[in-house]
Every structure is written in structure tokens, then in C-alpha cells.
Amino acid sequence: MCPPPLDSAVSDYDLERYLTVRSAYGASLGPDGRLAFLHDATGVAQVYTLDEPGAWPTQRTFYDEPVSFASYSPERPELIFGMDEGGNERMQLFRLDDDGRITELTAMPEAKHRWGGWRADGEQFAFASNRRDESVFDIYVQDRDATGEGAELVFEGDGWLSVGGFHPDGDALLLQQAYSNFDQDVYVLDLETGERRHLTPHDGDIRYSSVQWGPNGDALYLVTDDGSETLYLAQMDPETGDLEQLRSGGEWNVGGVAVDEETGTLVYSRNVDGYTDLTLGELTNDGLRELPMPELPGNIAGGVSFGPDGDRFALSSSGRRENTNVSIVDLTALRQLADDETALAGDPDGAVTRWTEASTAGIPEERFVEPELIRYETFDGRQIPAFFSVPESVPDEGAPVIVDIHGGPESQRRPSFSGLNQYFLSQGYALLEPNVRGSSGYGREYTHLDDVEKRMDSVKDIDYAVEWLTDRDAVDPDRIVAKGGSYGGFMVLAALTEYPQRWAAGVDIVGIANFVTFLENTGSWRRELREAEYGSLAEDREFLESVSPTNNIDAIEAPLFVLHGANDPRVPVGEAKQIVEQASNHVPVRKRIFDDEGHGISKLDNQIAAYTDVVDFLDEHV
């Protein structure tokens, strides 16, 4: 059954228009003051540059595959960017010179390369790669003009290693090792001796994230939950590992920190119920001196890049009514305001300028719907946070609802922009986006409430979300859809098999259908990390089978749409194939698999084709 038609003022923009709302993000400021950023104007993210705010950007790369990051050299007008092929996540590194020439730096397409940053003089860069052994990451340093096998192996790893950056003097690297999403270690690698100094020996699970060098390399700055329920901002001694708390997040997590090594300017964020709260400050001998922070467009922000003189920084921001764009903040003006309240007429907002103008595809901002932050009670009395959005026009019988479930599972649904969800709202669907137990952002205890044997408690939270919806006058309880991607795809399948009478339809995007086959076939470099969350093949196989939707598929009653990328290294496409084969014996099933996509649908043409099919499917069954 199709959703009731809305008046033309709401429904006159089609799906393709909403999907072509653009994004500008991933900012990097060059030594000449130029801004580089990623922009999806061509349908896939490419590198663009700007010399001044609001000017027409210059496209610098022209590939059919999306670029994943771009980082300017600290000394030359050149940058390094990363790109994989067909979503296989085996990223390669390339150098883009000022004259437009591109040099392939790694040229090892069978290996993954994870960016680790430039040396301060711009002569070398560092990265982690599994080119020696697919299941582990080693650390490499490479000259800026070397190619192929020109990288020097400086440390052989034994797990998931990442590079946090060069010491300001260039003689050491900051390393992080992850054992799970909630347990990491920090090391300093001396590049002359090869000695790796362990700074964070600990028992239990402790997070050490967003770690980076401070001025002169005399201290490290990071966020951690060592001894705390929530993440806080800390300073660490790079010799002893001694920690000092600089700022508490209170009941909320400090989400990340960025430090300018030249000036000691620092920006950190707090994740306040999914919204970003930014604090700006300067490191002094007396601690952290806070500076006034201007208001940015939207309510989600991140990706800070400082300018070469420490006089400004760029970052991206977005919101439900604001597509993602890059702004630059004038630090000189804010320092003046901190010293003299008459500067900027006392208004810090005069220090922020939006540089990019990513298109909203001609859709007026007032057409976009802002969600309401709600909480509903679940089976054990906990309050589950969720974002609830209602279309402009609701029929007497109530609107159909999409329950959109995030992946992770230790992720969090935040109120950033989604053209697809805004389209559904324009077509009369309501939207509920829960952050069920196991989601990040709500403290240590909450994130562990779905671990291993407690996995299905998070699925119960979805059942109680539907119970909450059925009590809303704006909702038609007979037209509720489960939709989710990755781990959210598992949640869709589990909700459809555990609570079959709740649902009118399900949409599974790159989802896990069977935990055993998923863990057996996922990339070997990430299997240990995933077993830490879901359970191990060696010890928990029986349990993993028992909670796998494929082993409960005979309970399914709702029609199912399955969407996947053939090159997905995280949740291999075999997960889609087996759920389609088994569910087809019980309910109507449609599938769409893209040969040139991986863990998600990233290319605009594919998004249009995929979600046109999804919309047709929902029109037919909902």
C-alpha cells in the first residue's frame, strides 16, 4: 500500500534531487593558505581546492572512484590523497603536485595503506600497511618522492597498528594498537634505535584515542576513559605515560581533540546527546586557557585542520537542515576577543566564515525536517535515546514509519544531513533513529550492554521502539519498516525474525546474516577486533549460530529488500546471498548487488539505482 499522497508543496522534488544534495568535507589547509577538501559534485568524492571563501572551487582529481582523504604537505603546495578500487578498502596513496601531476606512491593494490601523516619538514610521510602479512599492520616511512617499494619498514606489527604522527623533531612516531573498539594502547617508536616505548600498560578495557603530539613534543594530548565512565581530555607524558586530566566531559564523552603543534592551540569536542559541543583553547604554562568559540552552521562538526601559521583552522559541519560544508575560523580575531572584549564588537561569530557552497540541489532549507530528541523506556526500565522526525503532513490514519538502525554496533546515530531520509520525510514517512544499548556516546557501561551473550538485548530495544511508536497518534502501526546497514542490517534481520508481526517490510543494507560465516570471511586484519565484540569462533560458535538470522529465518513474515556491494571486505557479499536464498522460501525478497561497490553504496549513479528500487519496493509493500 502506497503512503498517502501529499500536497505538491512537499512532494515536488524527486529522489534523484534529494540524493544530489552535495557535501564538502575533509578540509586540509596548505602552506600557502589554500584550502583543499573533498566534494562529491561529480557523484563521487574528489579533491578540490579554494583560494578564498565562496569562490568557484578548482577540481584537482578526476576519478570514477571516491577519494577518501587529502592532506597538504606542511612545506610545499602538494598533497597526498588516498583511494581504493570498487570499495575494496585496499587504499593506495598518491601525491598531487601544484601543477596537477599525480604520482602513485604505493602501487601495491593487494595491500591496505592507512595514512599516518607528514613529517614537519614535508620530506617524508608515514603509514601503516598489511603488505607483509594481510592479517597485521606494519609501520612504514617513505620519502615524499619515493614510489612503489621505496618505503622503509620501521616496525613489524602483530595486530591492528596505526600511526598517530611524527614527533615535531621528526625522530619518533606515535603509534596506537587496537584490540577492540574499547581497548587500545599507545607507544612511541624511536626511528633511530627502533625501540618502541609502551606508555599505557593496563588491565581491562581502556580507550586511548585521538592521540597527538603537543608543541615541541613535550606532551601528548588525547581522550581516554582511564578510570572514568566517560571519555575525558588528558595530557600524557611521552616518556612515562603519566596522565593528567585537563577537562572532563561530565556525563558526556569528549569526542576528539586537535592540537596545533606550533602554537599550542587546541580544539576539543563533547558529544552531548549526539550533538557537537566545541571548545577552543590555548595551552599555557598554567594549563588550558579557553577562547571564545563561534557558532558554526548545523550542530555536528569535526575534522579540524590548522593553518600553517596557527592563525586559523578549517573544519566541516552539518545538521539535519544543513548539508555538510567547510568553514574557516579566524584564531587571531578570537585571541584578540579573549584579551579585549571590544574586539569583533564582542561577538565571536564574526570570526567564522563558510568557505564552501555545496549545493542543496535547489531544495529550500525549509523543506528539510529537524528531528525531536526523545527517549523511550525499554524492557529493563532503561531510557533509550532516539531521534524522531515527522513529515509536514500526516493523514488521519497516521504516517508509515522507517525505523533506521545504525551500524557499528559501537556507533551512534547523530543528527547530520541525509538526503535519503529527507526524501522519505517529503514522501510522508516518519523516521525513528534509535541509539540502542551498545551505542557509543552514553558512557562505558551503556556500550557494553550488548556484548556477546547480551546481543539480543539490543534487538529487544528495537521491539520496544516499535511499542513506543504504536502509542503515537502520528504513526500508522500497521506500516512500520525496519531499515539498517552493516551491523544495522543484522538488527533489521534479527528484528524481522524475532518480532515478525511488528513489521510491514525490511531493508537490509550490507548486513550480517550469520555471525559464523561473517567472522570466517571478513578481512583477516579485522577478525580479532570483531570477535572482541561479537564473540569468538573458537569459544562462542554455538551462541553465534543461535542468534544468526539465517538460523531463524522460518519466522520471518515481512517482505525483504537486500542491498550489498560485491567487493565488501567487512561484511562479504556471501551474507547477502545466503539471506536472499533462505528468506525467499518464506517471503517476497528483492536484492540488488553492485559489482563496483564495497561496504555501502558510495557512487551517486548506484545510489540512485539502489534507492529507486528500495522506494518502489516500499511503495509496493508498505
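Heads up: the sequence shown begins at 3 in my numbering, then just goes up one per residue.
Note that the Cβ used here is the ideal one computed from N, Cα and C, for glycine as well.
- The C-beta distance from G251 to L280 rounds to 13 Å, too long to meet the 8 Å contact threshold.
- Taking all protein chains in view, the Cβ of L333 is crowded by 16 or more other Cβ atoms within 10 Å, so the residue is classified as buried.
- DSSP places W527 in no beta strand (DSSP E); its state is neither H nor E.
- Taking C-beta atoms as the reference points, A484 and V461 fail to come closer than 8 Å.
- With a contact defined as Cβ atoms closer than 8 Å, H601 and S488 qualify at about 7 Å.
- In the structure shown, D459 falls within a helical segment according to DSSP collapsed to helix, strand and coil.
- Separation of V165 and A476 (C-alpha to C-alpha, rounded to the nearest whole angstrom) is 49 Å.
- Relative to E136, the option among H115, D123, A388 whose CA is nearest is H115.
- Taking N554 as the centre and dropping the five residues before and after it, the same chain places the C-beta of T499 closer than 6 Å to its C-beta, in chain order.
- Short of 6 Å from the beta carbon of A557, and not among the five residues preceding or following it, lie these beta carbons of its own chain, in chain order: T499, P502.
- Judged by pairs of C-beta atoms under 8 Å, the region 225 to 239 does not touch the region 165 to 181, as fewer than three such pairs exist.
- Secondary structure in the region 322 to 399: the alpha helix (DSSP H) runs of 4 residues or longer, each lying completely within the stretch, are 333 to 341 in chain order.
- Burial of T449 is indicated by the presence of at least 16 other C-beta atoms within 10 angstroms of its C-beta.
- Cα atoms of G167 and G304: separation of roughly 19 Å, rounded to the nearest angstrom.
- Collapsing the DSSP output to three states places W120 in a strand.
- H450 has no beta-bridge partner at all, per DSSP.
- At the C-beta level, Q424 and G443 stay beyond 8 Å of one another.
- In this structure, the beta-carbon distance from P203 to L31 does not fall below 8 Å.
- The beta carbon of A578 sits closer than 6 Å to the beta carbons of V564, H566 from its chain, once the five residues preceding and following it are set aside; these are given in chain order.
- Annotation: G283 is outside any alpha helix (DSSP H); the continuous beta strand (DSSP E) that includes it extends over 277 to 286.
- Positions of the beta strand (DSSP E) runs, each at least 3 residues long and wholly inside the region 468 to 551, are given as 477 to 487, 507 to 511 in order along the chain.
- Look at the beta carbons and you see the region 590 to 598 not touching the region 537 to 548: under three pairs across the two are nearer than 8 Å.
- By the Cβ test, the region 284 to 298 is not in contact with the region 378 to 395, since fewer than three Cβ pairs between them sit closer than 8 Å.
- Under DSSP, the beta-bridge partners assigned to F157 are I141.
- Per DSSP, reduced to three states, the secondary structure at G28 is strand.
- Beta bridge pairing from DSSP links G102 with no other residue.
- Partner residues in the beta bridge of G304, as assigned by DSSP, are S318.
- Closest in alpha carbon position to F517, among Y536, V190, W527, Y270, is Y536.
- From the listed residues D382, R532, A43, F83, the smallest Cα separation to D453 is found for R532.
- For E297, the three-state secondary structure derived from DSSP is coil.
- When rounded, the separation of the alpha-carbon atoms in W120 and A72 is 12 Å.
- Between the alpha carbons of T22 and G421 lies a gap of roughly 8 Å.
- Look at D406 here: in three-state DSSP terms it is strand.
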